[in-house]
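Residue numbers (this note's numbering), protein chains in the order written: chain W, 1 to 175; chain Y, 1 to 142. The beta carbon of each residue, even a glycine, is placed where N, CA and C say it ideally should be. A quick write-up on the structure given underneath.
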């Protein structure tokens with residue numbers, strides 16, 4: 001399973017890199033879709049169907065909206081001149097990557113084996129969630145009962161985003 | 001769009017809507033829930049608008065309606081979470097309805113209610129965002 005996840009993660013990285021460098025914006029958007037749908041397969045392999053359903057639906061809707069927006073534009077990325085002092089940023093980026101990987105390796109060595117839970121809280125949820133909430137789907141039990149505040153926050157974030165979009169995209173009100 | 005796209009949309013849009021309702025109502029039994037089902041429900045409307053154009057069923061006029069449903073649904077969720085306080089507890093999100101047996105459709109107390117209203121909220125939010133973009137484009141063209 002780890003081999004499959006590694007291959008899919010590699011594909012996602014290639015898709016993300018292609019999305020940055022594509023001249024046509026439509027192919028860049030579709031390359032972004034590779035990242036999203038690869039994540040769906042990763043979630044399914046890691047046995048998280050709830051997250052996979054949410055991710056596949058949201059990814060599809062986002063892709064539709066972004067394709068509609070790109071088809072309305074000129075579809076071409078504007079040509080940017082290469083920065084003459086660009087080598088400094090490259091050197092900085094490589095240094096940063098090396099330092100990050102070093103410390104990430106140190107941190108990962110002290111963790112448990114991949115897939116084993118490190119939280120004591122998880123065992124309590126797994127054992128008692130069905131009795132406490134009466135819900136057969138443990139994810140819903142945790143999301144709406146034990147962690148109800150988080151869900152309320154997510155819903156409020158969505159409402160705030162809609163209010164912001166309605167405020168910005170208002171031509172008649174501005175006149 | 002062509003006739004093929006329109007006919008397929010006519011056949012599929014209703015089923016997509018029903019599937020969204022199924023995912024929401026069975027959220028406490030099977031994978032899914034309010035967020036996923038709400039986005040599926042919004043997807044059926046987006047499918048109709050994309051296939052039949054923005055003036056289909058005067059859907060673009062419904063922006064104020066979907067905003068109203070969205071705000072009402074989040075208000076109901078807040079009231080449901082506060083309703084435990086009236087029952088004598090000191091915490092939000094008290095599951096004070098009877099639990100029933102796990103695995104049946106009517107069980108788990110308040111969780112199906114949260115799922116339904118969060119589903120309405122998510123569906124109308126996504127639809128409002130899409131309608132706002134469509135209306136913005138139409139107003140810019142004028």
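Straight-line CA distance for residue 21 of chain W to residue 35 of chain Y? Here the question's residue 21 of chain W lines up with position 21 in the first chain. Here the question's residue 35 of chain Y lines up with position 35 in the second chain. Roughly 33 Å between the two C-alpha positions.
Cβ shell of residue 67 of chain Y (< 7 Å), same chain only, five flanking positions each side left out: On the second chain, residue 67 of chain Y is found 67 positions in, with the first residue counted as 1. Answer for residue 67 of chain Y: 128, listed in chain order.
Does the distance from the C-beta atom of residue 89 of chain Y to that of residue 136 of chain W stay below 9 Å? Your numbering for residue 89 of chain Y matches position 89 in the second chain. Your numbering for residue 136 of chain W matches position 136 in the first chain. Going by beta carbons, residue 89 of chain Y and residue 136 of chain W fall outside the 9 Å limit.
Would the segment 36-46 of chain W count as touching the segment 12-19 of chain Y if we require 3 or more Cβ pairs under 8 Å? no
Going along chain Y in order, which residues have a C-beta closer than 9 Å to the C-beta of residue 101 of chain W? The residue given as residue 101 of chain W occupies position 101 in the first chain. Those do not exist, as residue 101 of chain W stays about 35 Å from chain Y at its closest Cβ, beyond 9 Å.
Starting from the Cα of residue 113 of chain Y, find the closest Cα among Y/132, Y/45, Y/27 and Y/125 and give me that residue. For the purposes of this step, residue 113 of chain Y is taken as the residue at position 113 of the second chain. It is Y/27.
Short Cβ contact (9 Å threshold) for residue 70 of chain W with residue 132 of chain Y: Counted from its first residue, the first chain places residue 70 of chain W at position 70. Counted from its first residue, the second chain places residue 132 of chain Y at position 132. For residue 70 of chain W and residue 132 of chain Y, no; Cβs fall outside 9 Å.
With a threshold of 8 Å on Cβ separation, who are the neighbours of residue 100 of chain Y within its own chain once the five nearest residues in sequence on each side are excluded? The count along the second chain starts at 1 and reaches residue 100 of chain Y at position 100. So the qualifying residues of the chain are 106, 107, 108 and 109.
Using beta carbons (cut-off 9 Å, strictly below), is residue 18 of chain W in contact with chain Y? For the purposes of this step, residue 18 of chain W is taken as residue 18 along the first chain, with counting starting at 1. For residue 18 of chain W, the answer is no, since every Cβ of chain Y falls outside 9 Å of its Cβ.
If contact means a Cβ-Cβ distance below 7 Å, which residues of the segment 94-108 of chain Y contact chain W? Taking 7 Å as the Cβ-Cβ cut-off against chain W, the residues of the segment 94-108 of chain Y that qualify are 95, 99, 100, 102, 103, 107 and 108.
For residue 141 of chain Y, count neighbouring Cβ atoms within 10 angstroms of its own Cβ and tell me buried if that reaches 16, exposed if not. Working through the second chain from its first residue, we reach residue 141 of chain Y at position 141. Under this definition residue 141 of chain Y is an exposed residue.
Tell me, please, whether the CB atom of residue 57 of chain W is closer than 9 Å to any CB atom in chain Y? Taking the first residue of the first chain as position 1, residue 57 of chain W is located at position 57. Output row for residue 57 of chain W: interface = yes.
Chain-ordered residues of the segment 159-171 of chain W with a beta carbon less than 7 Å from chain Y: Of all residues in the segment 159-171 of chain W, only 159, 162, 165, 166, 169 and 171 come within less than 7 Å of chain Y when Cβ atoms are compared, listed by chain position.
Secondary structure, alpha helix (DSSP H): runs of 4+ residues fully inside the segment 3-45 of chain Y: 3-25
Along the segment 67-97 of chain Y, what residues have a CB closer than 8 Å to any CB found in chain W? 67, 70, 71, 74, 77, 78, 81, 92, 93 and 95
Exposed or buried, residue 176 of chain W, counting other C-beta atoms within 10 Å across all chains shown (16 or more means buried)? Absent from the structure is residue 176 of chain W, since the part of chain W shown begins at 1 and ends at 175.
With a floor of 4 residues, list each alpha helix (DSSP H) that falls wholly inside the segment 114-152 of chain W, ordered by position along the chain. 120-133 and 138-141
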